[in-house]
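Line by line, the protein sequences give chains H and S. Counting in numbering that gives the first Met the number 0, the first sequence runs from 0 upward without gaps. Counting in numbering that gives the first Met the number 0, the second sequence runs from 0 upward without gaps.
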Amino acid sequence: MDLKGNVVLVTGASRGIGAAIARAFAAEGACVIINYLKNEARARDVVEEIREHGGEAILYQADVRDEAQVGQMVQSAIDQYGQIDCLVNNALSHYTFNPKTRKTAWGISWEDYQSQLDGSLRGSYIATQAVLPFMKEKGRGRIINMVTNLIDLPIVPYHDYTTAKAALWGFTKNLARDLGHFGITVNAVAPGLTYPTDSSRETQEDVREMIVKLTPLKRLAQPDDIAGVVLFLASDWGRFVTGQCIRVDGGLV
Amino acid sequence: MSGVSEVLSMYRVPREVSITECHEENIETEQGSFTLKYPVLSPEIVVDAARKAQNARDVYLAHLPLMEVVEKIDRAIQKWLDPDYPLRRWAEALLPILTGYHSDIIRLELKRYMRNFRKKELLRFLDEEFDHPGMLDGFRPRKSGGMSRAYGPHMIFHVFSGNVPGVQVWSLIMGLLVKSAALGKTSLAEPLMPVLFSMSLAEIDERLAESIVILPWKGGEVELEAKAMEACEALIVYGSDETVEAYRHRVPIEKRFLSYGHKISLAMVGKEALTADRYEDTLHRLAADIAIYDQQSCLAPQMVYVESGGVITPKDFSQLLACELERYEKKWPRSALSHEEAMAIHKMRNQAVFAAINGADVNVYMSEMNTAWTVIFHRKADFSGSPLNRTIHVFAVDDLETAAETLTRFRRYLQSCGLAVGPERLFSLSERLGTCGLNRICAIGEMNRAKPGWHHDGRFNLLDLVRFVDIERTAEMLAEQYDPDVE
């Protein structure tokens with residue numbers, strides 16, 4: 000897969016799936032902008048690891064919920080590389096995935112929903128608007144939004160998180176319709192429970208085992224499994240796919 | 000490849016004219032191999048063929064009732080509207096190779112074009128220009144008194160261009176409607192369709208087809224052209240300004256001379272065509288006007304004025320048009336270019352990129368690695384011709400009415416305007432465009448398809464060819480007095 004010379008912005012790339020996606024892009028020759036919010040040390044580790052392997056990456060701190068910060072990040076990427084070929088909307092507002100302590104339908108507040116909508120949907124909206132002029136000018140571009148297979152099967156009902164991701168999936172399909180004319184594809188990738196990541200650490204063994212039992216491929220997803228599909232959508236092989244959601248969960252849903 | 004092997008003469012002469020020497024070209028097509036025979040011509044052959052065609056016309060075509068001529072042309076056209084008609088299949092196999100246009104474009108546009116000449120459309124051509132088409136058969140009364148009859152030339156020398164396949168058929172049919180013999184000089188770029196069409200006429204009526212001569216030669220063969228000019232009563236020249244001028248200087252003053260030289264067409268898109276529900280269709284239509292026959296027709300747009308105020312800006316429009324042209328390239332790749340044509344595109348691109356670097360309000364969108372398509376976006380309205388072959392200028396304008404006024408300077412060249420505006424502006428804008436010198440307003444998406452009865456370059460199709468003979472009322476009255484039975 001040749002992504003040499005492609006410029007890819009991955010939001011929330013300091014750890015977990017975001018970091019795996021960033022590393023995978025770099026390994027295929029892309030220049031990666033590693034965006035992070037708080038965890039500078041981890042983000043710096045990702046950049047250094049990429050550079051050690053001969054890849055190219057830069058670090059950029061920005062809150063995706065802040066238009067000005069995202070605007071500056073994108074402008075800085077343009078100043079450095081002249082273009083952005085691919086945006087991966089991976090960041091979300093902080094969330095703890097714990098089946099035991101999750102909020103129930105009768106215990107959750109609107110603020111919880113708002114917080115997740117701000118991170119997943121509004122963050123993706125802001126980053127998309129920021130890169131759009133450059134992709135339109137090039138007549139091509141790839142936008143990949145990270146959602147979840149919980150939309151199809153809320154095996155653990157994380158109301159606020161999953162609802163916000165479902166909104167992001169709606170955003171994806173609508174965006175694909177309008178942006179296709181400009182040669183820009185917009186797709187979603189829906190991972191199943193991915194282990195190990197910081198987010199999934201608190202998902203107990205029994206839940207993990209239950210999911211594995213129901214999964215045709217008989218294991219949980221790993222971050223690299225997710226990255227492979229993202230790379231496919233960003234690559235020339237994925238050029239005629241848009242408005243799609245690809246589930247990467249070993250066949251669970 | 001199937002095993003079919005055809006030998007096809009790329010000329011047509013009356014039966015008694017002998018052409019002894021030809022050079023041959025072999026072409027492999029999806030339908031099999033063709034040997035195309037090009038005649039080695041001499042002035043004597045041109046003279047002999049022209050004389051015999053004119054004789055055939057004088058003794059037969061000149062006396063055929065107009066409606067019979069119409070019927071016969073219609074029957075030939077009906078053959079072409081049958082997808083299995085062998086000559087149509089030959090055309091569909093050979094034209095993509097001879098011209099370089101994609102076979103789908105040829106297949107679609109050729110049949111659409113031929114539909115322009117069904118009987119009902121031929122009647123439209125005639126009714127459009129003659130109060131009494133019967134004037135071409137004999138004297139007919141006039142509203143102002145007296146009688147008139149229209150005579151077509153004994154022979155018309157058609158100098159065809161080769162840019163768009165089949166376009167020569169229009170000129171041949173107009174000549175037949177005024178009962179003229181034809182001497183058609185084809186371009187080596189597209190010598191096929193006049194020959195095939197005259198073969199179809201011969202299948203319907205061999206005597207009629209005897210009035211038609213089709214000969215291919217490279218422009219500038221002065222001796223051949225001199226003989227052709229001597230033989231004809233009228234000339235119709237299609238081509239570049241240079242071609243037209245080359246003939247105009249040589250044609251004897253008593254001959255009728257009609258020319259269709261270099262013209263520029265453009266498109267105008269109003270903000271009402273750029274609403275969220277309409278813009279896709281608007282873009283698709285304009286891209287088709289650019290992609291069909293690679294703007295080689297003078298009917299195709301070389302620039303488009305796009306109004307601000309829609310949901311997509313003129314710059315968005317340029318970006319979207321670029322993407323649409325890229326998709327056309329995947330669907331119907333542009334024809335291969337000569338070195339000169341490609342250089343013209345590179346030169347224009349370089350100038351635009353250089354201007355952009357120097358601060359001009361210009362953005363350049365172009366296909367990578369080749370010259371397949373180019374869109375040059377200008378924030379400031381201007382006028383700029385295109386090197387063609389899917390290269391277009393987009394000018395942002397605040398309102399189309401103001402832009403229209405700036406066109407007056409170029410009236411000498413203006414021809415068609417593809418228009419996408421609402422009904423309340425159609426007439427007021429057309430008035431302005433007409434004043435500026437444009438002579439055809441059509442829908443975008445239809446720019447390459449002039450309709451039967453249109454005023455070609457603002458003129459007539461048939462009336463310009465004929466001469467009228469009037470019997471004045473006084474002659475009628477006086478004749479009455481000499482009636483032996485007069486009171």
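Don't be surprised by glycine CBs; every beta carbon is placed ideally from N, CA and C. Just so it is clear, the structure is predicted and the values come from calculations on it, not from any experiment.
Per the DSSP calculation, residue i is bridged to which residue(s)?
i: G140 of chain H; result: H:I183
i: H157 of chain S; result: S:G183, S:I235
i: N25 of chain S; result: S:T34
i: G151 of chain S; result: According to DSSP, which records beta bridges pairwise, G151 of chain S is partnered with nothing at all.
i: I470 of chain S; result: S:M146
i: R246 of chain H; result: H:A189
i: M310 of chain H; result: The first residue shown for chain H is 0 and the last is 252, placing residue 310 of chain H beyond what the model contains.
i: F256 of chain S; result: S:L234
i: P140 of chain S; result: S:M146
i: P215 of chain S; result: S:T185
i: M365 of chain S; result: S:T373
i: R11 of chain S; result: S:I213
Closer than 7 Å by beta-carbon distance: list the chain S residues that pair up with residue i, in chain order.
i: E208 of chain H; result: Those within 7 Å of E208 of chain H in chain S number zero; the least Cβ separation is about 49 Å.
i: F181 of chain H; result: Q318, L319, C322
Assuming residue i is part of the beta strand (DSSP E), what are its boundary residues?
i: I77 of chain H; result: Careful: I77 of chain H lies outside any beta strand (DSSP E), inside the alpha helix (DSSP H) at 66-80.
i: V31 of chain H; result: 30-35
i: Q60 of chain H; result: 55-60
i: A266 of chain S; result: 263-268
i: E5 of chain S; result: 4-8
i: L8 of chain H; result: 6-9
i: F376 of chain S; result: 373-377
Kindly list, in the order they appear in chain H, the residues whose Cβ is closer than 7 Å to that of residue i.
i: Y364 of chain S; result: G138
For residue i, return the contacting residues in chain S, with the cut-off set at a CB-CB distance below 8 Å.
i: K135 of chain H; result: D315, Q318
Could you tell me the boundaries of the alpha helix (DSSP H) in which residue i lies?
i: K78 of chain S; result: 65-79
i: A48 of chain S; result: 42-58
i: Y160 of chain H; result: 158-178
i: I104 of chain S; result: 102-113
i: Y246 of chain S; result: 240-247
i: L86 of chain H; result: Unbroken run through L86 of chain H is the beta strand (DSSP E), 85-88; no alpha helix (DSSP H).
i: P222 of chain H; result: 222-233
i: G174 of chain S; result: 167-176
i: S114 of chain H; result: 109-115
i: F129 of chain S; result: First-last for F129 of chain S: undefined, no H or E at that position.
i: S199 of chain S; result: 191-203
i: V21 of chain H; result: Just to set this straight, residue 21 of chain H is Ala in the shown sequence, not Val. 15-26 is the extent of the alpha helix (DSSP H) around A21 of chain H.
i: E39 of chain H; result: 39-51
i: E91 of chain S; result: 85-98
For residue i, which residues in chain H fall below 8 Å Cβ to Cβ?
i: E202 of chain S; result: Neighbours of E202 of chain S on chain H: none; closest Cβ ~47 Å, over 8 Å.
i: E325 of chain S; result: G138, G182
With residue i and residue j assumed to form a contact (beta carbons below 8 Å), what rounded beta-carbon distance in angstroms separates them?
i: I263 of chain S; j: L418 of chain S; result: Actually they do not touch by this definition, with Cβ atoms about 16 Å apart.
i: V45 of chain H; j: A18 of chain H; result: 5 Å
i: S32 of chain S; j: I26 of chain S; result: 7 Å
i: H153 of chain S; j: E232 of chain S; result: 5 Å
i: S385 of chain S; j: M302 of chain S; result: 7 Å
i: M347 of chain S; j: Y304 of chain S; result: M347 of chain S to Y304 of chain S, Cβ: 18 Å. No contact.
i: E91 of chain S; j: R106 of chain S; result: 5 Å
Run through chain H and tell me which residues come within less than 9 Å of residue i, C-beta to C-beta.
i: E279 of chain S; result: H180
Those runs of the alpha helix (DSSP H) which lie wholly inside the region 289-349 of chain S and span at least 4 residues
Complete alpha helix (DSSP H) runs here, min 4: 313-330.
What runs of the alpha helix (DSSP H), each 4 residues or longer, lie entirely inside the region 183-209 of chain H?
none
Write down every uninterrupted run of the alpha helix (DSSP H) in the region 380-451 of chain S whose length is 4 residues or greater and which is fully enclosed by it, in chain order.
399-404, 422-435
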